[in-house]
Every structure is written in C-alpha cells, then in structure tokens.
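Q: Mind looking over this structure? Questions follow.
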Amino acid sequence: MKRDNDTATYIDPVCGMAISLESAVEEVTYKGRTYYFCAQVCREAFEADPERYPHTPKPPRDDSP
Ligand SMILES: [Zn+2]
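Using the numbering used here, the letters of the sequence shown correspond one by one to residues 454 to 518.
Shown next, in the form of structure tokens:
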C-alpha cells in the first residue's frame, strides 16, 4: 500500500467535513485507526462517545445513491 499520497482527504467523523492533513488540527487513534478532526470540539465530541460515529469514514466520492 502506497503511503506517498500526502494530499489525501479525510472525513471528520463528527461533522462530516472533508479535511486534508494540513487542515486537520486534531487527531485521535481509536481501535487502530487514526481519525482527523477540523476542530478541537469535534475531537472532544468523538472521544466522548466514539461508538456514536462511523468507524470507517466514507471516501469523498462515495455519495452516489
Ligand atoms: Zn469537524
């Protein structure tokens, strides 16, 4: 698996916002996955109740009906 894609986009699991590594201000590793968050409040919401949020963020293009 290549890891040279530094421009990958991640989905903030709390607010659903698409963020890049550069714009991510918070990160949390949960059950072996790393999640990125746009803001501290999003990270805190995730940590308060991780089971509430999807553990496998959808890729940005997976929005077809
Ligand atoms: Zn957010």
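Glycine included, C-beta positions come from ideal geometry on N, C-alpha and C.
(1) Under the three-state reduction of DSSP, which class applies to E497: helix, strand or coil?
(2) Classify E504 as helix, strand or coil using the three-state DSSP reduction.
(3) How is V467 classed by DSSP in three states: helix, strand or coil?
(4) Confirm, please, whether the CB-CB distance from E479 to S496 is below 8 Å.
(5) Taking just the CA atoms, how far does T460 sit from P507?
A: Looking at the coordinates:
(1) In the sequence shown, residue 497 corresponds to position 44, counting from 1. Helix at E497.
(2) Here residue 504 is taken as the residue at index 51 of the sequence shown, counted from 1. Reduced to three states, the DSSP call for E504 is helix.
(3) For the purposes of this step, residue 467 is identified with residue 14 of the sequence shown, where counting begins at 1. Residue state, collapsed to three classes: coil.
(4) Here residue 496 refers to the residue found at position 43 of the sequence shown. Here residue 479 refers to the residue found at position 26 of the sequence shown. Rather than Ser, the amino acid found at residue 496 in this sequence is Arg. Yes. Within cutoff.
(5) Your numbering for residue 507 matches position 54 in the sequence shown. Your numbering for residue 460 matches position 7 in the sequence shown. About 22 Å.
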